[in-house]
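In our numbering, the protein residues as written are 242 to 748.
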Amino acid sequence: MSNPVKSIVIVGGGTAGWLTAAIVAAHHQGGQSRGLQVTLVESSDIPTIGVGEGTWPTLKNTIQQIGIKESEFFSSCHAAFKQGGKFVNWVHGNGDFYYHPFTVPLGYGRLDLAPYIADIASYAPDSNFQHHVCEAGLAPRTLAESEFQGPCNYAYHLDAGAFAELLKRHCKASLGVRHIVDTVREVTLAADGAIGSVVLAERGALSADLYVDCTGFASLLLGNKLEVPFVNTDNILFNDTALAMQVPHAADDSPLACNTIATAQNAGWIWDIGLTHRRGVGHVYASDYISDDEAEYNLRSYLGAAADGLSARKIRFHSGHRAQYWKKNCVAVGLSAGFVEPLEATAIMLVEISARYIAENLPPDDNVMPVTAKRFNAQMAYRWRRILDFLKLHYMLSQRPEPYWQAHRKAETIPESLREDLALWAYRGPTREDFDSAIELFPAASYQYVIYGMGFKPDFSRQAYLYGRRQEAEKIIQRNKQLTQQMLQTLPPHREYIERWLTTANH
Ligand SMILES: Cc1cc2nc3c(=O)[nH]c(=O)nc-3n(C[C@H](O)[C@H](O)[C@H](O)COP(=O)(O)OP(=O)(O)OC[C@H]3O[C@@H](n4cnc5c(N)ncnc54)[C@H](O)[C@@H]3O)c2cc1C
């Protein structure tokens, strides 16, 4: 006996819930004829997390695929472009900085420039014009280019609350998603141990063929009811608290950074995200190493007078993820599936990837669901391992002297997979072959920017005979200089571009 999968109930109306609803409903729009009903239930009593403003370039395609115009997204979400991350004080803590830009290095896949660059810390500026574009605070394209296009790869900074609102409007008006505002009081089990129904305070029981748990840290369905354990990774990434502030710009026309700024502190780091109407600034730290008061002092010192009269919101969390992400007829997406600190803005990207998998692999009946779940779980386990490795990389290469940073360098806190990678990169640097899985999240370029930016130089001399392409390398570096000049002359200032573009687009 098999039962067709005709209805999906998504519990939770944060970024994860609405993004999942939009991606699944957009993919199955034609499917309405065969009767696929997507319903989203959210509580008006339980607030969303309200943070999550940095994204990954995957969001560009997602916005396009769900049918939202880029200019509408910008106007509704006070959005800005994000062309990468600037990591300040991560190496020594004396004003050092490096970029992880979203555009891959020139010659990527053809010739790795690292063996030919004397000062490895200048890898990004020598191999990539986007480093310079970010330093100059420019937009990733000119007014001559159209939506979603441009010479520089980019993601977005967005207002999380406004983004959920935009997705909600779009899901209801254009994608046929049913919306219920009610609180889940109880979750019942069917005879086979799958979810039987969610019982709403006002409306009573609501059943579906597939449940998507987007209830945030509560993980009401997958964690609580189906008892899938949480795998704690606090021993790898120590940060467990965030203090978040919404900071007004000094003036309406203040320059707008076109990248996230992540400034390392004695026991954590501060994010600084520019939206068009305000900044989102917060300190992520490890409460084992500093008190909340010290962290607030760090945050206020960073902001100076800009923090006067503002209060910070404290959010506690644990690093980690569920042991399984899809069990029986329930799949978790967003914070209910797991969370690690937002250093590389991986959370919303994982929501996009998970939702797309659910949309594209939605089984026609429940007979196939165990296979879908098994595959999904294997992919997500791989991705979480890669995320942990990549984030840890930012810490373990630091030379900062404070106890927090020293602890990050201890071998027992570094995953074995990352230690193995480092053993290879000690003599040849990261290559595309190290990241050849079709489901890789970060390309080799991301690892190159981070390890070289942190000053980690492989000992290329051990196989010096492999690196006889200096002339070709010099040509690429020269080409990067020319492109940089071109970009600096043609790309407009970030804020000015957004204002002019939106004025034209909205008329
Ligand atoms: C400090 C911090 C900074 C972050 N920064 C970033 C970043 O820069 N980039 C990034 O990608 N991610 C970031 N994240 C993660 C990001 O915020 C989340 O992944 C994203 O917002 C998705 O959250 P969510 O929808 O899973 O949960 P939530 O926003 O918590 O939503 C949960 C929803 O479930 C509903 N709900 C809960 N219980 C019930 C119930 N019983 N009945 C009905 N409804 C219920 C609530 O009403 C709510 O609608 C950050 C997270 C933190 C903590």
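The beta-carbon is built from N, C-alpha and C at its ideal position, and this holds for glycine as well.
What you are looking at is a predicted structure, and each value in this text was computed from that prediction instead of being measured.
field: Start and end residues, alpha helix (DSSP H) containing E406
entry: A401 to S415
query: Tell me which same chain residues have a C-beta within less than 8 Å of the C-beta of H411, skipping the five on either side of it?
result: A263, I307, G308 and I309
message: On the DSSP bridge list, what partners appear for E283?
response: V422
task: Buried or exposed for Y566, please, with buried defined as at least 16 other CB atoms from any protein chain shown within 10 angstroms of its CB.
output: buried
- prompt: What do you get for K615, buried or exposed, if any count of 16 or more other CB atoms within 10 angstroms of its CB means buried?
  reply: exposed
message: For V440, which residues in the same chain have their Cβ closer than 8 Å to its Cβ, ignoring the five residues on either side in sequence?
response: V425, R426, E427, V428, T429, A446 and L447
message: Looking at chain D, is there any beta carbon in it that lies within less than 8 Å of the beta carbon of E601?
response: Looking at the structure shown, chain D is missing, and only one protein chain is on hand.
- request: With a threshold of 7 Å, establish whether the CB of L461 neighbours any heavy atom of ligand 1.
  value: yes
message: Taking 7 Å as the limit between beta carbons, can you name the residues of its chain near F389, skipping five residues before and five after?
response: K301, Q305 and E311
- prompt: Going by the C-beta, is G445 closer than 7 Å to any heavy atom of ligand 1?
  reply: no
query: When the Cα atoms are used, what is the spatial distance from D291 to G391?
result: One point to set straight first is that residue 291 is Gly, not Asp, in the sequence displayed. Each residue's Cα considered, the two are about 30 Å apart.
query: Roughly how many angstroms separate the alpha carbons of I477 and T744, rounded to a whole number?
result: 47 Å
task: Tell me where the alpha helix (DSSP H) around K716 begins and ends.
output: R711 to T731
- prompt: Cβ-heavy atom distance between P381 and ligand 1 below 7 Å?
  reply: no
- request: Compare the beta carbon distance of R641 and H341 with 8 Å and say whether it is the shorter of the two.
  value: no
- request: Would you tell me roughly how many angstroms separate the C-alpha atoms of N709 and E585, rounded to the nearest one?
  value: Going by the sequence as given, residue 709 is Gly instead of Asn. Those two C-alpha atoms are separated by around 35 Å.
field: A257 and L576 closer than 8 Å at C-beta
entry: yes
query: If you draw a straight line from the C-alpha of I502 to the C-alpha of C375, how long is it?
result: 11 Å
field: Span separating the alpha-carbon of D607 from that of S284
entry: 28 Å
task: Could you say if the stretch 619–638 and the stretch 469–486 meet the contact criterion of at least three C-beta pairs nearer than 8 Å?
output: yes
message: Quick check: is any heavy atom of ligand 1 less than 7 Å from the C-beta of M621?
response: no
task: Would you mind reading off the limits of the alpha helix (DSSP H) that contains V252?
output: Note, V252: premise wrong, no alpha helix (DSSP H); beta strand (DSSP E) at S248 to V252.
task: Have a look at V488, A396 and A553 and flag the residue whose alpha-carbon is nearest the alpha-carbon of R520.
output: V488
- request: Go through its chain and collect everything with a Cβ distance to Y349's Cβ below 7 Å, but skip five positions before and after it.
  value: A686
- prompt: Any heavy atom of ligand 1 within a distance shorter than 7 Å of the CB on M486?
  reply: no
message: Here's the rule: buried if 16 or more other CB atoms are within 10 angstroms of the residue's CB, otherwise exposed. What is S658?
response: exposed
- request: Could you say which of H649, I594, I599 and G402 lies nearest to G509 if we only look at CA atoms?
  value: H649
query: Which one of L484, K568, N473 and A553 has the shortest CA to CA distance from S528?
result: L484
message: My output table needs one value for R519: the three-state DSSP class, helix, strand or coil.
response: coil
task: Could you tell me whether the stretch 355–369 touches the stretch 685–703, using the rule of 3 or more Cβ pairs below 8 Å?
output: yes
- prompt: Roughly how many whole angstroms lie between the Cα atoms of T672 and E681?
  reply: 13 Å
message: Nearer than 7 Å: is that true of the beta carbon of C571 relative to any heavy atom of ligand 1?
response: no
message: Report the CB separation of Q324 from Y395 in whole angstroms; it is logged as a contact under 8 Å.
response: 5 Å
task: Could you say if the stretch 489–497 and the stretch 555–571 meet the contact criterion of at least three C-beta pairs nearer than 8 Å?
output: no
field: Three-state secondary structure (DSSP) of I556
entry: strand
field: Bridge partners - A485, DSSP secondary structure assignment
entry: G523 and R554
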